[in-house]
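Chain order of the listed sequences is S and V.
According to my numbering, the first sequence is numbered sequentially starting from 48.
According to my numbering, the second sequence is numbered sequentially starting from 1386.
Cβ coordinates follow ideal geometry from the N, Cα and C atoms, glycine included.
If you're wondering where the values come from, they're calculated on a predicted model, not measured in any experiment.
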Amino acid sequence: MVNLKNHAMKKIIIISCLVFTSLLGYNQDRRATETKVADLLARMPVSNTIELKNQMQEMSNLGSQGRKQITDMINQPGTGDDTRARFAVESYSRYLSEYGHDNEKYQWESECIEAVLASGYPMVRSFFLSQLRYIGTERSVEFASGFLTYEYMCEPAVAVIAACTSQEKEEILAMSLQIRPFPCVESVINALAMMQSDKAVKEYVYWYTTGDKDIQAAALNAMAESAHEVCYKTISSAAAAASYKWDATGATAALVQYARNMGEKGEVSTMEKICRDVLNYGSVQYKTAALEALVHYGGYEAIENLLTEFRKGEPEYRKAILNLADDIPGKAATRKWLVFLQSVDNTSKSEIIDMLGKRGDQLAVPYINDALF
Amino acid sequence: MNRDKTGRRDFIKKSTAAAFAFTVIPRHVLGGNGFIAPSDQLTKGIIGVGNMGRGHIPYEGTRVLAVCDVDDDHLNLALAQAGEGVDAYHDFRVLLARPDIDIVHIATPPHWHGIMAKMAAEAGKDIWCEKPMTRTIGEGIEVVEAVKKYGCMFRLNTWFRFKDQFYGLGTTVRPLKKLIDSGALGWPLKVTISGITGFDWKFYWSGEHNLNPMPVPDNLDYDFWLGPAPYKPYNPERVHSKFRGYWDYDGGGLGDMGQHYLDPVQYMLGKDNTSPIYIEVDAPQQHYDAVGSWRRIEYTYEDGCKIVLDGANADIHAAYVEGPYGKIYKGFWSDIPDLQKLIDSLPEPEDQVTIFSDSVRTRNKFALNEENGHRSATIVNLGVIAVRLGRNLTYDPVKQKFVDDEGANRLIYQPMRGPWSI
């Protein structure tokens, strides 16, 4: 009995000692981490890129627990000096955004996501969201999408989604446009436009018809970039309503861009039809842009457009056309200009000769010589 | 409200017709030498009328019709300076909508330059833009495309590639260009820009850390001032004469003076169509919000030419331009014998259009236009990104992207706060 008691006592004592030692160890570890963190932060900002790299490796070695001590120090602006912690957090994101560091990047992404969730302050949350712009992956896109409906978090969330490489982001942004009301609809539409997305064309049209001028401008631009046939009627009506002149929604610019993108898709006849409308009714800059699209996608085939427009154009427009003539190189085009030269007045003749001189095609030399004497 | 109906297009029509008409009485006889009748003047709207914008109200051959600013105090000062008949706007899009304005002068902080330049091109305006041309490389790419697409004329407002003594060089760039083009210095060349070679990097444009939120003054529409930049609480350090110190709006001393110093170098080296391929940086750790200083940024072009920005003035013997056969130092001193005689014997560089109103009237590209301006702004922005990230970078000047560095590529186009986009 006594032996058993002694044995049990011994066991308890040994376990107690082990627990005590491990607790001591834990506390020592924690104090050691705290010391390392304090030491790291005390040296910030470091004075050169070599020290910075070493310091970032130290930050990596701190582990999640150590880095959490740093992320916990980030305050709402105006509530304390967190300069060194911000140096540490941002520098680590920048460091990891370099090629490689895949495991650390993955871990840091998780920690920034946790830090966003842990804070109740929008400015702290947006600071951590902005870290994801450097290193974020699909996970960040999915995570940021959860903030799209929050008024103060929508913009930084869209910025994360726009910056990160992701297969899903187009789908996520497109779906979000079905939520109404929506706090930063222009930013989402702009992000989709950057991707030339056609996944939300019906939503573009919806927001165009219900939104203010800013939303209309974003929607028209996104419709143009989508090059989707569903958008044609809306964009062309908007441009016609603006009399093919500039307005704050950028309707005519959107129409010309839509034409360009249709050309890019190989829908040349639609592009040509739109360009003809713009050439008939547009102001000079849009006519120039329409010609530029015709030249870009039609090449030599577009030279008749240049000649026709040159004949009816005012001086500024004629000069823009002659600048575009450079984009149709080759002797066949030079010959067209030389024949055309015979049929225009002296003012236009001098402008064309100037262009031919700059073009440097030997075919034009006799004509230029004749003009000189 | 005074809305002059005679715009650039009418003027070009008239002047072209006049060029072929027999002029009996020269105009200056009626109005004095240098006189340009109001109806013949190009019309201008200025966006951003802080100190820089107000400095451009009087400009020979142009007449200001409108000014625009999101700070009412700036607008009032500009109106007082501009005199009668000038309209004031809060929203630049209202100014762009005026058909009687020929030239739009963009004198806002750089985070607006790209957006406004692109919209001005869409509105058919010719554009005079302050440096740096754009705050990001991506915005520059978009401006180049828009200006070409809509056929406008663009002038970036730095001028040392075609006039004025070039800081401590004691000369214009022209004789240097002649010398370099002749091969007298050999190839490849190294250009050092530092206090030692006659230039001053303004590191006082470093931002403050830990800005406390403060109430927005009544005269300022801070949200519009921020525009595409991420929302951060107002502090006077961010705006007006202090904005250069923050990544969201500019790039510190490099953003401020970089294009002044680098554009002529790009011209001299004949690099108007390309960009450096390596960027090496030596700088302190940078803050998340405030731009700091740097010691050295070294750019290398594909052919081995180098541009060294020596912010620490570490190389006390540095020549401004150094080639295998000779060196040019501050004050245009050189180790090449009979330098001036040699320069006099060399052919002149190609002529450039150096008066913007001529460019607008003749539709010939200005000397420093959207294309070469974008390339010299790219040198600035490459340096800004390298300093910000604290690492060396490799760049592809054709694709206009960094090589094997996704983090750096994410800074080429940076997300914009709605409704703004480019």
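Discussion item. Checking the sheet assignment: what are the DSSP bridge partners for Asp1695/V?
Written reply: In the second sequence, residue 1695/V corresponds to position 310, counting from 1. DSSP lists Ser1579/V and Arg1681/V as partners of Asp1695/V.
Discussion item. So with CB distances below 7 angstroms, who are the chain V contacts of Gln214/S?
Written reply: The residue you call residue 214/S lines up with position 167 of the first sequence. In chain order: nothing, as chain V lies at least about 15 angstroms away.
Discussion item. Under 8 angstroms, Cβ to Cβ, is there at least one residue of chain S near Gly1430/V?
Written reply: In the second sequence, residue 1430/V corresponds to position 45, counting from 1. No - not a single Cβ of chain S is within 8 angstroms of the one on Gly1430/V.
Worksheet item: For Arg1448/V, which of Met1437/V, Asp1425/V, Ala1465/V and Leu1753/V has the nearest alpha-carbon?
Response: On the second sequence, residue 1448/V is found 63 positions in, with the first residue counted as 1. For Arg1448/V, the nearest C-alpha among the options comes from Asp1425/V.
Fill in: Extent of the continuous alpha helix (DSSP H) run through Arg1478/V
Within the second sequence, numbered from 1, the residue matching residue 1478/V stands at position 93. Arg1478/V -> alpha helix (DSSP H) spans Phe1477 to Leu1481.
Worksheet item: By the criterion of Cβ-Cβ separation under 7 angstroms, what are the contact partners of Arg1802/V in chain S?
Response: On the second sequence, position 417 is the one that residue 1802/V refers to. Those within 7 angstroms of Arg1802/V in chain S are Glu202 and Ser234.
Discussion item. Please state the DSSP three-state secondary structure of Glu356/S.
Written reply: As a working note, residue 356/S is residue 309 in the first sequence. In the displayed model, Glu356/S falls within a helix according to three-state DSSP.
Worksheet entry | Nearest-angstrom Cα separation, counted from Lys83/S out to Met120/S | Reading the first sequence from its first residue, position 73 is the one you call residue 120/S. Reading the first sequence from its first residue, position 36 is the one you call residue 83/S. Between Met120/S and Lys83/S, the C-alpha separation is close to 15 angstroms.
Practice prompt. Identify whether Phe1405/V lies in helix, strand or coil by the three-state DSSP scheme.
Written response: As a working note, residue 1405/V is residue 20 in the second sequence. Residue placement at Phe1405/V is flagged as unreliable, the pLDDT there being 35, under the threshold of 50; a coordinate-derived value is accordingly withheld.
Worksheet entry | Three-state secondary structure assigned by DSSP to Arg1540/V | Within the second sequence, numbered from 1, the residue matching residue 1540/V stands at position 155. Three-state DSSP puts Arg1540/V in a strand.
Item to complete: Can you tell me which of the three DSSP states Met222/S falls into?
Response: Counted from its first residue, the first sequence places residue 222/S at position 175. Helix at Met222/S.
Item to complete: Using 10 angstroms around the beta-carbon of Asp1723/V, count the other beta-carbons present and answer buried if the total reaches 16, otherwise exposed.
Response: By one-based count along the second sequence, residue 1723/V stands at place 338. Counting C-beta atoms within 10 angstroms of its own C-beta, Asp1723/V has fewer than 16 neighbours from the protein chains shown and is therefore classed as exposed.
Fill in: Near-chain V residues of the segment 393-405 of chain S - C-beta to any C-beta below 8 angstroms
Asn393 and Thr394
Practice prompt. With DSSP as the reference, please indicate the residues paired to Phe1787/V in a beta bridge.
Written response: For this step, residue 1787/V is matched to residue 402 along the second sequence. Looking at the DSSP assignment, Phe1787/V forms a beta bridge with Tyr1780/V.
Practice prompt. Give the range of the beta strand (DSSP E) segment to which Pro1448/V is assigned.
Written response: Within the second sequence, numbered from 1, the residue matching residue 1448/V stands at position 63. The question names Pro, but residue 1448/V in the sequence shown is Arg. In the DSSP annotation of this structure, the continuous segment of the beta strand (DSSP E) that includes Arg1448/V starts and ends at Thr1447 to Cys1453.
Practice prompt. Could you check if Lys1715/V is buried or exposed, using at least 16 other CB atoms within 10 Å of its CB as the buried criterion?
Written response: To locate residue 1715/V, count along the second sequence from 1; it is residue 330. By the neighbour-count rule (16 or more Cβ atoms within 10 Å), Lys1715/V is buried.
Practice prompt. For Ala289/S, collect the residues of the same chain with a Cβ closer than 8 angstroms to its Cβ; drop the 5 residues on either side in sequence, then sort them by chain order.
Written response: What you label residue 289/S is simply residue 242 of the first sequence in a count that begins at 1. Thr296, Ala298 and Thr299.
Fill in: Interface partners of Asp1700/V on chain S, CB under 9 angstroms
The count along the second sequence starts at 1 and reaches residue 1700/V at position 315. Correct list: empty, because the minimum Cβ distance to chain S is about 17 angstroms.
Worksheet item: By DSSP, does Gly1803/V sit in helix, in strand, or in coil?
Response: By one-based count along the second sequence, residue 1803/V stands at place 418. Residue state, collapsed to three classes: coil.
Worksheet entry | Same chain only: Cβ atoms within 6 angstroms of Arg1773/V, ignoring 5 sequence neighbours per side | Counted from its first residue, the second sequence places residue 1773/V at position 388. So the list reads Gln1671, once near-sequence residues are dropped.
Practice prompt. Work out the CA separation of Pro230/S and Tyr197/S for me, nearest whole Å.
Written response: Here residue 197/S corresponds to residue number 150 of the first sequence, with the count starting at 1. Here residue 230/S corresponds to residue number 183 of the first sequence, with the count starting at 1. So the alpha carbons of these two residues sit roughly 7 angstroms apart.
Fill in: Inter-residue spacing [alpha-carbon to alpha-carbon] between Met1437/V and Ser157/S
By one-based count along the second sequence, residue 1437/V stands at place 52. By one-based count along the first sequence, residue 157/S stands at place 110. In a straight line, the C-alpha of Met1437/V is about 45 angstroms away from that of Ser157/S.
Discussion item. Using a 10 Å radius around the Cβ and a threshold of 16 neighbouring Cβ atoms, would you call Thr256/S buried or exposed?
Written reply: As a position in the first sequence, residue 256/S is number 209, starting the count at 1. Thr256/S should be labelled exposed.
Worksheet entry | Ile117/S vs Lys152/S beta-carbon contact at 8 angstroms | Looking up residue 117/S in the first sequence gives position 70. Looking up residue 152/S in the first sequence gives position 105. No Cβ-Cβ contact shorter than 8 angstroms links Ile117/S with Lys152/S.
Worksheet item: Would you say Phe134/S faces chain V, with C-beta separation under 8 angstroms as the test?
Response: Here residue 134/S refers to the residue found at position 87 of the first sequence. It does; some Cβ of chain V falls within 8 angstroms.
Worksheet item: Which class does Ser1719/V belong to by DSSP, given the choice of helix, strand or coil?
Response: Translated into positions along the second sequence, residue 1719/V becomes position 334. If DSSP states are grouped into helix, strand and coil, Ser1719/V belongs with the strands.
Worksheet item: Is His1413/V helix, strand or coil by DSSP?
Response: Position 28 of the second sequence, counted from the first residue, corresponds to residue 1413/V. Confidence at His1413/V is low in this model, with a pLDDT of 39, below 50, so its placement is unreliable and no value can be given for it.
Discussion item. Please report the distance separating the alpha-carbon of His343/S from that of Ala1473/V.
Written reply: By one-based count along the first sequence, residue 343/S stands at place 296. By one-based count along the second sequence, residue 1473/V stands at place 88. Approximately 40 angstroms, taken between the alpha carbons.
Worksheet item: DSSP three-state call for Val1706/V: helix, strand or coil?
Response: To locate residue 1706/V, count along the second sequence from 1; it is residue 321. If DSSP states are grouped into helix, strand and coil, Val1706/V belongs with the strands.
Worksheet item: Between Glu81/S and chain V, is there a C-beta pair that is closer than 8 angstroms?
Response: Residue 81/S sits at position 34 when you count from the first residue of the first sequence. Glu81/S does not count as touching chain V.
Discussion item. Please identify, using Cβ separations under 7 angstroms, the residues of the segment 90-110 of chain S that lie next to chain V, in order along the chain.
Written reply: For the segment 90-110 of chain S, the set of residues with a beta-carbon nearer than 7 angstroms to any beta-carbon of chain V comprises Met91, Pro92, Val93, Ser94, Asn95, Thr96 and Leu99, in chain order.
Worksheet item: Does any residue of chain S bring its CB to less than 8 angstroms from the CB of Gly1509/V?
Response: Here residue 1509/V refers to the residue found at position 124 of the second sequence. It does; some Cβ of chain S falls within 8 angstroms.
Item to complete: Show which residues of chain V have a CB atom less than 8 angstroms away from the CB atom of Asn21/S.
Response: Given that chain S is displayed from residue 48 to residue 420, the structure contains no residue 21/S and the question cannot be resolved.
Worksheet item: How big is the Cα-Cα spacing for Phe1396/V and Phe1539/V?
Response: In the second sequence, counting from the first residue as 1, residue 1396/V sits at position 11. In the second sequence, counting from the first residue as 1, residue 1539/V sits at position 154. Low confidence applies here, because Phe1396/V scores a pLDDT of 43, under 50, leaving its location unreliable and the question unanswered by this model.
Discussion item. Across the segment 1696-1703 of chain V and the segment 1580-1591 of chain V, are there enough close Cβ pairs to call them in contact, namely three or more that are closer than 8 angstroms?
Written reply: yes
Worksheet entry | Bridge-paired residues (DSSP) for Trp1513/V | Taking the second sequence and counting its residues from 1, one reaches residue 1513/V at position 128. In DSSP, Trp1513/V forms a bridge with His1490/V and Arg1540/V.
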